[in-house]
Amino acid sequence: MNSQTVIRLVLTFVIYLILQIVVIRNFVFFDVAFCFVYIACILLLPDEIAPIWVILISFLIGLLVDIFYNTAGIHASASVLIGFFRSYIIKFLFPTKGVENEIVITLKDMGAERFVRYVAVLTLIHHSTLFFVEAGGFQFFLITILKIICSVVFTTFMIIILQYVRGN
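Residues 140 to 307 (my numbering) make up the sequence shown, in order.
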């Protein structure tokens, strides 16, 4: 990975985080559909990054969101979990990947169906962790499931829209 790619990634992360903290934080539909577009920072990392670095980056991104949302580490824990599962999900969803064909994780390079499947699975893991930790258990099971489903659809839709805006 060259320095231009690193600079582009850092700039993208800053834009997604600012977008999440300033604008998208206020996009809530009927108190059940929340948008957490910052997870795109983790999902769109290049495939060649070592898993330990993905987990570390995930923790830092989640921690930054926790600081601005005034939450006690729930975003960091959910982000670390998707950072951990990311490489396994890539291997599971795209088993034909080999040394000669690295996966470039963008809507343009993966195609809509594969990209949506990848984003939706990891978003489901993130949101399930986030909302069940926030609820403190399973006592609000049905409302938590409703939040998860609506938020996964909303977040996946917004990540796809942002991919079209970026031109990737």
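For every residue, glycine included, the Cβ atom is placed at its ideal position computed from N, Cα and C. Quick caveat, the model's predicted, so the values are computed rather than measured.
In the three-state reduction of the DSSP assignment, F280 falls in the helix class. Pairwise C-beta distances place the segment 249-264 in contact with the segment 175-185, as three or more of them are shorter than 8 Å.
For the pair V304 and V291, the Cα-to-Cα distance works out to about 20 Å. For A211, the number of other beta carbons within 10 angstroms of its own is below 16, and it is reported as exposed.
Under the 8 Å Cβ criterion, the segment 165-176 does not count as touching the segment 142-153, having fewer than three qualifying pairs. In chain order, V255, V258, A259 and T262 place their CB closer than 8 Å to the CB of T295, counting only its own chain and leaving out the 5 sequence neighbours on each side.
Take L232, set aside five residues on each side of it, and the residues of its chain with a beta-carbon closer than 8 Å to its own are R253, R256, Y257 and V260, in chain order.
Under the three-state reduction of DSSP, A215 is assigned to helix. For a cut-off of 8 Å, the C-beta gap from I244 to D186 is around 6 Å, short enough to register as a contact.
Counting only the Cα atoms, H265 lies some 6 Å from I221. In this structure, S226 is the residue among I300, S226 and G250 with its C-alpha nearest to the C-alpha of I188. Exclusion of the five residues before and after V272 leaves I213, S216 and A217 as the residues of its chain whose Cβ lies within less than 8 Å of its Cβ. Beta-bridge annotation (DSSP): V255 is not paired with any residue. In this structure, I194 places its C-beta atom within 9 Å of the C-beta atom of V219. Taking the Cβ atoms as the reference, F270 lies roughly 5 Å from I287, within the contact range of under 8 Å. In the three-state reduction of the DSSP assignment, V243 falls in the coil class. One Cα belongs to L202, the other to T268, and the distance between them is close to 15 Å.
Annotation: L285 to I206 spans about 26 Å, alpha carbon to alpha carbon.
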